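If you read the sequences in order, they're chains A and B.
Residue numbering for the first sequence follows our numbering, beginning at 1 and increasing consecutively.
Residue numbering for the second sequence follows our numbering, beginning at 195 and increasing consecutively.
Number of protein chains: 2
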Amino acid sequence: MTASTKERILDATAEMFRRYGYTGAGLKQIVQKANVPFGSLYHHFPGGKVELGAHVIRRSGQMYQDIVTAVMDASASIEESVRNVFSGAAAVLQASDYEDACPIATVALEVASTNEPLREATAEVFEKWIVAATERFVSAGIAEAKARELAIGMIAAVEGAFILARATRSTEAMDVAGAMASGMLEAALHESRG
Amino acid sequence: MTASTKERILDATAEMFRRYGYTGAGLKQIVQKANVPFGSLYHHFPGGKVELGAHVIRRSGQMYQDIVTAVMDASASIEESVRNVFSGAAAVLQASDYEDACPIATVALEVASTNEPLREATAEVFEKWIVAATERFVSAGIAEAKARELAIGMIAAVEGAFILARATRSTEAMDVAGAMASGMLEAALHESRG
DNA sequence: CCTCCTCTAGAGTGATCGCTCTAATCAGGG
DNA sequence: CCCTGATTAGAGCGATCACTCTAGAGGAGG
Numbered sequence: 001m002t003a004s005t006k007e008r009i010l011d012a013t014a015e016m017f018r019r020y021g022y023t024g025a026g027l028k029q030i031v032q033k034a035n036v037p038f039g040s041l042y043h044h045f046p047g048g049k050v051e052l053g054a055h056v057i058r059r060s061g062q063m064y065q066d067i068v069t070a071v072m073d074a075s076a077s078i079e080e081s082v083r084n085v086f087s088g089a090a091a092v093l094q095a096s097d098y099e100d101a102c103p104i105a106t107v108a109l110e111v112a113s114t115n116e117p118l119r120e121a122t123a124e125v126f127e128k129w130i131v132a133a134t135e136r137f138v139s140a141g142i143a144e145a146k147a148r149e150l151a152i153g154m155i156a157a158v159e160g161a162f163i164l165a166r167a168t169r170s171t172e173a174m175d176v177a178g179a180m181a182s183g184m185l186e187a188a189l190h191e192s193r194g
Numbered sequence: 195m196t197a198s199t200k201e202r203i204l205d206a207t208a209e210m211f212r213r214y215g216y217t218g219a220g221l222k223q224i225v226q227k228a229n230v231p232f233g234s235l236y237h238h239f240p241g242g243k244v245e246l247g248a249h250v251i252r253r254s255g256q257m258y259q260d261i262v263t264a265v266m267d268a269s270a271s272i273e274e275s276v277r278n279v280f281s282g283a284a285a286v287l288q289a290s291d292y293e294d295a296c297p298i299a300t301v302a303l304e305v306a307s308t309n310e311p312l313r314e315a316t317a318e319v320f321e322k323w324i325v326a327a328t329e330r331f332v333s334a335g336i337a338e339a340k341a342r343e344l345a346i347g348m349i350a351a352v353e354g355a356f357i358l359a360r361a362t363r364s365t366e367a368m369d370v371a372g373a374m375a376s377g378m379l380e381a382a383l384h385e386s387r388g
């Protein structure tokens, strides 16, 4: 209710992107869902769909990172925090009937070869995620290079599991990916502790 | 030249799907690329875009599986075969300027919540891949349950790495995912051999 | 009151969407 | 030759696409 017109547009677009992707989300549908007149969209985002898309990608990326950070902060150990991220993703998938997964993966694949500004936005988000996760692992005592590998592996695992889980409507892939990621982490911790 | 009209449609559609996704690929563009009159498309695929999409998903899934099988058959050991699959994927990505990746991942995410028959087609393909990979690992002496976990983990890793690699235009994620997958496999082999 | 500027409001633009339709073309059997 | 069914060929359909345009509503300063 207190959300501004601009925020309502961004929120509605983010939800449309998650469900229908970038190409599949129509601007008319977006303004209708946001309960905003069409003219307001081009007032706030004069660059049209591309500018709106770039904003939504960066914003969704930040929001997702904040959620993951909060989950990890609430965990007792780094090992547990990784497991909680995957089990949390599995829970959200199930609760949303396999609709709400990664907010930018679908868009990332769609625009990778067709829309350079949006591709750059997705790349920026992924790189920020990698850096944030790497810092976590470094703080846990893992060497920088190994920490970055773990971070990339973990993000790749969760994204790949999202694809399999949504396609098969099962959390099996997410559960397996979580076990795989935590196994990798434990091995790295064991190594770094001597 | 010897390719039939139907095959040319399927090939053109597969390429359009890889680059633009399901929603982004227009039927007019497809028939133009395939050098086929519009009427022929609806003669061969009376069910329209959905029927064509389902055919292309299953066909691309089978083709991709055949390629991976060939790569693995040409490898000396199961460990090497897994590494070759990832390094081969990285090479294809680089050679195609990060356009040609998994032929169905983009479509899978797009249609997961919007098009039930196509979602089922993608689920079918993924399940076949999992079964095929599981059989490979079982033949290598790994227990059935563990082999299925490895198969799912490997497919999730390669799919997730495709997303990161295409977005960032770098093979780093694919290299890391390959190392992660082969590490998992070696651990499982070590365990199964006592 | 008036002016100025931001924002809301939605009708209307040409282009493209998936799809339907009819006609032409072709091959093989009689 | 004619007939028949499969396939090619593409114009045209209503709907929707991203987007532009003009007009009005609302609040702040004078």
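Ideal Cβ placement from N, Cα and C applies to all residues, glycine included.
It should be emphasised that the depicted structure is a prediction, and the values quoted were computed from it without experimental measurement.
- About 6 Å separates the beta carbons of Pro-117(A) and Ala-54(A), which is inside the 8 Å limit, making them a contact pair.
- Under the 7 Å criterion on CB atoms, Ile-357(B) is classed as interfacial with respect to chain A.
- The Cβ neighbour count for Arg-387(B), taken over all protein chains shown within 10 Å, is under 16; the residue is labelled exposed.
- In the structure shown, Glu-80(A) falls within a helical segment according to DSSP collapsed to helix, strand and coil.
- At least one CB atom of chain A sits nearer than 7 Å to the CB of Thr-316(B).
- Fewer than three Cβ pairs drawn from the segment 273 to 283 of chain B and the segment 118 to 129 of chain A lie within less than 8 Å of each other, which leaves the two stretches out of contact.
- An exposed status is given to Ser-198(B), since fewer than 16 other beta-carbon atoms sit within 10 Å of its beta-carbon.
- Here the alpha carbons of Ser-81(A) and Val-138(A) stand approximately 14 Å from one another.
- Per DSSP, Arg-360(B) is one residue of the alpha helix (DSSP H) stretching across 338 to 362.
- Around the C-beta of Phe-38(A), fewer than 16 other C-beta atoms lie within 10 Å, and the residue is accordingly described as exposed.
- Residues are counted here when their Cβ sits less than 8 Å from a Cβ of chain A; for the segment 203 to 215 of chain B these are Arg-213, Tyr-214, Gly-215, given in chain order.
- Asn-309(B) is classed as buried because its beta carbon has at least 16 other beta carbons within 10 Å across all chains shown.
- Under the DSSP assignment, Ile-224(B) falls in the alpha helix (DSSP H) whose first and last residues are 221 to 228.
- Here the alpha carbons of Tyr-214(B) and Leu-246(B) stand approximately 15 Å from one another.
- In the three-state scheme derived from DSSP, where H, G and I count as helix and E and B as strand, Asp-97(A) is classed as coil.
- Looking at Glu-273(B), Val-230(B), Ser-254(B), the one whose alpha-carbon comes closest to that of Ser-376(B) is Glu-273(B).
- Ala-289(B) is not a Cβ neighbour of Arg-360(B), given a cutoff of 7 Å.
- Counting only the Cα atoms, Gly-47(A) lies some 32 Å from Ala-367(B).
- Burial state of Met-257(B) is exposed, judged by a 10 Å Cβ sphere holding fewer than 16 other Cβ atoms.
- Considering only beta carbons, the part of the segment 268 to 299 of chain B lying closer than 7 Å to chain A consists of Tyr-292, Glu-293, Ala-299, in chain order.
- Under the Cβ distance rule, Gly-178(A) does not count among the residues neighbouring chain B, no pair being separated by less than 7 Å.
- Taken atom to atom, the span from the alpha-carbon of Glu-338(B) to that of Ile-152(A) is near 28 Å.
- When 9 Å is used as the limit between beta carbons, Phe-126(A) is near these residues of chain B: Ile-357, Leu-358, Ala-361, Thr-362, Ala-367, in chain order.
- The continuous alpha helix (DSSP H) containing Pro-311(B) extends over residues 310 to 333.
- Residue-level contact check: Gly-26(A) does not touch chain B, since none of the beta carbons of chain B fall below 7 Å from its beta carbon.
- Taking a Cβ-Cβ threshold of 7 Å, the residues of chain A close to Arg-313(B) are Ala-167, in chain order.
- Taking the Cα of Asp-73(A) as reference, the smallest distance to any Cα among Ala-140(A), Leu-189(A), Ser-170(A) is reached at Ala-140(A).
- Ile-163(A) and Ile-130(A) do not touch by the CB rule: their CB atoms are close to 19 Å apart, not below 8 Å.
- At least one C-beta of chain B is nearer than 7 Å to the C-beta of Ile-152(A).
- The closest CA to that of Ile-104(A), considering only Tyr-98(A), Arg-119(A), Leu-27(A), is found on Arg-119(A).
- When Cβ-Cβ separations below 7 Å define contact, Ser-198(B) makes no contact with chain A.
- At least 7 Å separates the beta-carbon of Val-56(A) from that of Thr-106(A).
- Here the alpha carbon of Val-230(B) sits roughly 28 Å from the alpha carbon of Ile-261(B).
- Just measuring C-alpha positions, the residue of Val-31(A), Gly-61(A), Arg-136(A), Thr-171(A) sitting nearest Leu-93(A) is Thr-171(A).
- When C-alpha distances from Ala-327(B) are compared across Arg-363(B), Thr-263(B), Arg-253(B), the shortest belongs to Thr-263(B).
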